[in-house]
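J.: Residue numbers -22 to -1, 1 to 182, in mature numbering (1 follows the signal peptide of the UniProt record, and there is no 0), belong to the letters of the sequence shown in order.
The following block contains the structure, expressed as structure tokens.
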Amino acid sequence: MTIRLFASALFLALPIVFAAKAGAVDASRASPSMVTGAVTSQPIGHYEFCQRYKAECEIRTRPGPAMQVTAHGWDVIRQVNQTVNKTITPMTDMEVYGREEWWEYPVDAGDCEDFVLLKRKRLIEAGFSVSDLLITVVRKPDGEGHAVLTVRSSEGDYILDNLVDDVKLWTDTPYTYLKRQASFDTGRWVTIENGKDLPVAALK
């Protein structure tokens, strides 16, 4: 489940409250929320996805504070993550679509970004705001690119990942965080400034 790193310059909302994990976030650790920076390059796979699904990439919002949490919302997030992970078979874009970097809603198989797209779609259908559901590109410890879904909450940024069923605070994952969708524009991407003290590169 990899995502190719790309360096080109290409560049609803029913609010829902959802639950945080039991226990407070330890303020002595790294920030529970990502610090984002300037607009940056859009992954080529997302750019091409936006050409096919234009309406989905033209949503502009004025995002307010991240969502407050309740038990029901947390259950929905966890259920969506586990259900998609169990029902979609991990396969490369070449195996499924016969080409590289093809982002698509999966039917029964797909790459990491396809898992993210489906989870995001199902959470939007459940009433979550698009400004709090952000496709995010990371680098795994082995150097491979990978895509996850970030859920913004008042307790911090949580990660839905096809490689694990647990939904974790972003600082509890082993990844270097590179960039993510902008919360104010579904067709734009921004840098992640506190993505861990490891080498950070643009997608290519």
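Even glycine gets a Cβ: it sits at the ideal position worked out from N, Cα and C.
Per DSSP, what kind of secondary structure is Thr65 in: helix, strand or coil?
T.: Counted from its first residue, the sequence shown places residue 65 at position 87. Three-state result, Thr65: helix.
J.: Identify, in the order they occur along the chain, each residue of the same chain with its Cβ nearer than 7 Å to the Cβ of Thr67, setting aside the five sequence neighbours on each side.
T.: Here the question's residue 67 lines up with position 89 in the sequence shown. Excluding residues within five positions, the ones whose Cβ falls inside 7 Å are Asp86, Ala87.
J.: Where does Thr149 sit, in a helix, a strand or coil, going by DSSP?
T.: Counting from one through the sequence shown, the residue named residue 149 turns up at place 171. In the structure shown, Thr149 sits in a helix (DSSP, three-state: H, G or I).
J.: Ends of the alpha helix (DSSP H) at Arg77?
T.: On the sequence shown, position 99 is the one that residue 77 refers to. Segment: none, Arg77 is in no alpha helix (DSSP H) and carries neither H nor E.
J.: Can you find a C-beta in chain D that's less than 8 Å from the C-beta of Arg130?
T.: No chain D appears in the structure shown, which is made up of a single protein chain.
J.: What's the gap between the Cα of Thr18 and the Cα of Arg158?
T.: Locating residue 18 in the sequence shown gives position 40, where the first residue counts as 1. Locating residue 158 in the sequence shown gives position 180, where the first residue counts as 1. If I take the Cα positions, the gap works out to 9 Å.
J.: Mark Lys32 as exposed unless 16 or more other C-beta atoms lie within 10 angstroms of its C-beta, in which case mark it buried.
T.: Against the sequence shown, residue 32 aligns to sequence position 54. Classification for Lys32: exposed.
J.: Would you identify the three-state DSSP class for Ser109, choosing helix, strand or coil?
T.: The sequence position of residue 109 within the sequence shown is 131, counting from 1. Three-state result, Ser109: helix.
J.: Alpha carbon to alpha carbon, how far is Gln29 from Ser131? Give it in angstroms, no decimals.
T.: Within the sequence shown, numbered from 1, the residue matching residue 131 stands at position 153. Within the sequence shown, numbered from 1, the residue matching residue 29 stands at position 51. If you take the alpha carbons of Ser131 and Gln29, they lie about 30 Å apart.
J.: Select from Leu112, Val145, Asn140, Asp143 the residue whose C-alpha is nearest the C-alpha of Thr14.
T.: As a first step, residue 14 must be located in the sequence shown, where it is residue number 36. If we check each option's Cα against that of Thr14, Leu112 comes out closest.
J.: For my contact list, Tyr155 and Lys118 are in at a C-beta cut-off of 8 Å; report their separation, rounded to the angstrom.
T.: Here residue 155 refers to the residue found at position 177 of the sequence shown. Here residue 118 refers to the residue found at position 140 of the sequence shown. That belief does not hold up - the Cβ atoms of Tyr155 and Lys118 are roughly 11 Å apart, past 8 Å.
J.: Is Pro41 near Glu133, with beta carbons less than 8 Å apart?
T.: Here residue 41 corresponds to residue number 63 of the sequence shown, with the count starting at 1. Here residue 133 corresponds to residue number 155 of the sequence shown, with the count starting at 1. No, Cβ-Cβ distance for Pro41 and Glu133 is not below 8 Å.
J.: What's the call for Glu82, buried or exposed, on a 16-neighbour Cβ count within 10 Å?
T.: As a working note, residue 82 is residue 104 in the sequence shown. When all chains shown are included, Glu82 counts as buried.
J.: Less than 8 Å between the CB atoms is what I'm expecting for Pro84 and Asp92, so what's the real figure, rounded?
T.: As a working mapping, residue 84 is identified with position 106 in the sequence shown. As a working mapping, residue 92 is identified with position 114 in the sequence shown. Confirmed, about 4 Å.
J.: Just to confirm before moving on: does the CB-CB distance between Val94 and Leu141 stay below 8 Å?
T.: Start at 1 with the first residue of the sequence shown, and residue 94 comes out as number 116. Start at 1 with the first residue of the sequence shown, and residue 141 comes out as number 163. No, the pair does not count as a contact, with Cβ atoms beyond the cut-off.
J.: From this set, Asp150, Asp144, Glu79, Val108, which residue's C-alpha is nearest Met45's C-alpha?
T.: Locating residue 45 in the sequence shown gives position 67, counting from the first residue. Of Asp150, Asp144, Glu79, Val108, the residue nearest in Cα terms is Val108.
J.: Does Gln46 come out as helix, strand or coil in the three-state DSSP assignment?
T.: For the purposes of this step, residue 46 is taken as residue 68 along the sequence shown, with counting starting at 1. Correct three-state label for Gln46: coil.
J.: When the distance is taken between beta carbons, is Ala16 closer than 8 Å to Val168?
T.: Here residue 168 is taken as the residue at index 190 of the sequence shown, counted from 1. Here residue 16 is taken as the residue at index 38 of the sequence shown, counted from 1. Cβ atoms of Val168 and Ala16: closer than 8 Å.
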